[in-house]
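Enquirer: Just dropping this structure here.
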Amino acid sequence: MALLARKKPQLVGIDISPTTIKLLELSRSGKSYKVESYAVEPLPPNAIVDRNIADVTVVGEAIGRAVKKSGTRTKYAACAVSGAAVITKIITMDKGLTDEQMEAQIQLEADQYIPYPLEEIRLDFEIQRVSPQDSNKVEVLLAASRSDNVEARVAALEVAGLTAKVVDVEAFALENTVNLIADQMTGGGDPGIIAVADVGATVTTLSVMQDRRIIYNREQQFGGRQLTEEIQRRYGLSYEEAGLAKRQGGLPENYEPEVLEPFKSSMAMEISRALQFFYSASQIGAVDHILVAGGCAAIQGIAQVIESKTGTRTSVANPFAQMQTASRLREDILRADAPALMVACGLALRSFS
Numbered sequence: 012m013a014l015l016a017r018k019k020p021q022l023v024g025i026d027i028s029p030t031t032i033k034l035l036e037l038s039r040s041g042k043s044y045k046v047e048s049y050a051v052e053p054l055p056p057n058a059i060v061d062r063n064i065a066d067v068t069v070v071g072e073a074i075g076r077a078v079k080k081s082g083t084r085t086k087y088a089a090c091a092v093s094g095a096a097v098i099t100k101i102i103t104m105d106k107g108l109t110d111e112q113m114e115a116q117i118q119l120e121a122d123q124y125i126p127y128p129l130e131e132i133r134l135d136f137e138i139q140r141v142s143p144q145d146s147n148k149v150e151v152l153l154a155a156s157r158s159d160n161v162e163a164r165v166a167a168l169e170v171a172g173l174t175a176k177v178v179d180v181e182a183f184a185l186e187n188t189v190n191l192i193a194d195q196m197t198g199g200g201d202p203g204i205i206a207v208a209d210v211g212a213t214v215t216t217l218s219v220m221q222d223r224r225i226i227y228n229r230e231q232q233f234g235g236r237q238l239t240e241e242i243q244r245r246y247g248l249s250y251e252e253a254g255l256a257k258r259q260g261g262l263p264e265n266y267e268p269e270v271l272e273p274f275k276s277s278m279a280m281e282i283s284r285a286l287q288f289f290y291s292a293s294q295i296g297a298v299d300h301i302l303v304a305g306g307c308a309a310i311q312g313i314a315q316v317i318e319s320k321t322g323t324r325t326s327v328a329n330p331f332a333q334m335q336t337a338s339r340l341r342e343d344i345l346r347a348d349a350p351a352l353m354v355a356c357g358l359a360l361r362s363f364s
């Protein structure tokens, strides 16, 4: 199973995150995309542990429920392994080599790049560009992951009746989607330096892109679970009840000023801290635009709070802003879920690249 994309059939993107399964299917006509189907399905606690699938059957059954809920008839899927489970390196190779020659050379030299025995990993490569230093060389992206990480995802998809055609890397899927959004923002021009702040249930990931490629990535332990737990504590609810109230409303009048606003301030502070870490580690200059992604991006007014705190133009990520949607889908619900579907969108886009 390849870690990077080759020519492939129509795919449904399956993002297996620590708390949810996110499914997305796109179609394309000319340069225009259409959302054909999507679903978000919660995962039971401890189905994913440290970004690894702990229970293949449980995860596979959740994927199956998402497939049924979405109504997709597509049987081929693209999924991804997380950045923590992947080793990526840019290496330089002779320009004239065929794919077969490159693969043979990489296999011979893999121990220079990968700190695991070759029989324990899945490895793939993709030519990126001619080397700026030597026109007779090309830069090649090498990606490797432990075989068990890849095989667990393939097996979970099989439980759901799907066949994995692509096992991607989450960061590369995110790049696909951010480049789509950048094209929408600039009409295909240079989007400058973009930071994506993905605030999930437990982890906030800052990814910085320059020249349409991720050049920096950092994770911090902060996420929407802290808001859910504060609602639970403050109002005497179960964790499930608190999560439902957070999404659907109906909490007392003091919720917004005493619980939600402090959380928004904390979220802006965490993103500001993450940016400062980036600035201290890099000399490339200031970020031009922040895209807020993940489940917490759906919080009303969060982009304005982050922009005020960081002094950087900020917007909520919506890869579907210029897409059509199938008539059976509710656009308001898709729009609310859009920031959390960034990786799923990037995987679905593999059908066309």
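Letter by letter, the sequence shown follows residues 12 to 364 of the working numbering. A virtual CB, placed ideally from N, CA and C, is assigned to each residue, including glycine.
1. How is the alpha helix (DSSP H) around E272 delimited, first residue to last?
2. Got a sec, what are the start and stop residues for the alpha helix (DSSP H) S28 sits in?
3. For R157, report the span of its beta strand (DSSP E) as first-last.
4. Would you mind giving the Cβ-Cβ distance between L37 and A359, rounded to the nearest angstrom? I have them listed as a contact below 8 Å.
5. Looking at V298: is its Cβ nearer than 7 Å to the Cβ of A314?
6. Nearest CA to the CA of I194: which residue from M334, G94 and V51?
7. What distance in whole Å lies between the Cβ atoms of V46 and F331, which are believed to be in contact at a cut-off of 8 Å?
8. Decide if I25 is buried, meaning its Cβ has at least 16 other Cβ atoms within 10 Å, or exposed.
9. Which complete beta strand (DSSP E) runs does the stretch 203 to 279 hold, if anything under 3 residues is left out?
10. Examine the Cβ distances between the stretch 140 to 151 and the stretch 102 to 116 and report whether three or more of them are shorter than 8 Å.
11. Assign L134 to one of three DSSP states: helix, strand, or coil.
12. Within 10 Å of its beta-carbon, does Q243 have 16 or more other beta-carbons around it, so buried, or fewer, so exposed?
13. Assign P126 to one of two classes, buried (16 or more other C-beta atoms within 10 Å of its C-beta) or exposed (fewer than that).
14. Taking the alpha-carbon positions, what's the S28 to E252 distance?
15. Express the C-alpha separation of I74 and A64 in angstroms, rounding to a whole number.
16. Considering just the uninterrupted stretch of the beta strand (DSSP E) at K45, what are its terminal residues?
17. Kindly indicate which three-state DSSP category G371 falls into: helix, strand or coil?
18. What is the residue span of the alpha helix (DSSP H) that K176 lies within?
19. Return the CA-CA distance between G199 and T188, expressed in angstroms with no decimal places.
20. Excluding sequence positions up to five away, which residues of its chain have a Cβ less than 8 Å from the Cβ of T336?
21. Should I32 and A77 be called a contact, given that it needs their Cβ atoms to be closer than 7 Å?
22. If you follow the alpha helix (DSSP H) that A121 is in, where does it begin and where does it stop?
23. If distances are taken between C-alpha atoms only, which option among T103, L302, P263 and L129 comes closest to T215?
24. Using the Cβ count rule (16 or more neighbours within 10 Å means buried), how would you classify L286?
25. In angstroms with no decimal places, state the Cα-to-Cα distance between T321 and L352.
26. Can you tell me where the alpha helix (DSSP H) with M353 in it begins and where it stops?
Expert: Result, derived from the coordinates:
1. For E272, the enclosing alpha helix (DSSP H) starts and ends at E272 to A292.
2. Segment: none, S28 is in no alpha helix (DSSP H) and carries neither H nor E.
3. For R157, the uninterrupted beta strand (DSSP E) segment begins and ends at K148 to R157.
4. 5 Å
5. no
6. A small fix is needed here, since residue 194 is Asp in this sequence, not Ile. Residue M334 is the option with its Cα nearest to D194.
7. 6 Å
8. buried
9. 205 to 210, 215 to 221 and 224 to 231
10. yes
11. Three-state DSSP puts L134 in a strand.
12. buried
13. exposed
14. 21 Å
15. Inspection of the sequence shows that residue 64 is occupied by Ile rather than by Ala. Cα to Cα, I64 sits roughly 13 Å from I74.
16. S43 to P53
17. In the structure as shown, the chain begins at 12 and stops at 364. Residue 371 is therefore absent and cannot be evaluated.
18. Premise fails: K176 lies in the beta strand (DSSP E), T174 to V180, not in any alpha helix (DSSP H).
19. 14 Å
20. K45, V46, E342 and L345
21. yes
22. D110 to Y124
23. Nearest C-alpha to T215: L302.
24. Per the 10 Å Cβ criterion, buried.
25. 24 Å
26. First-last of the alpha helix (DSSP H) with M353: M353 to A359.
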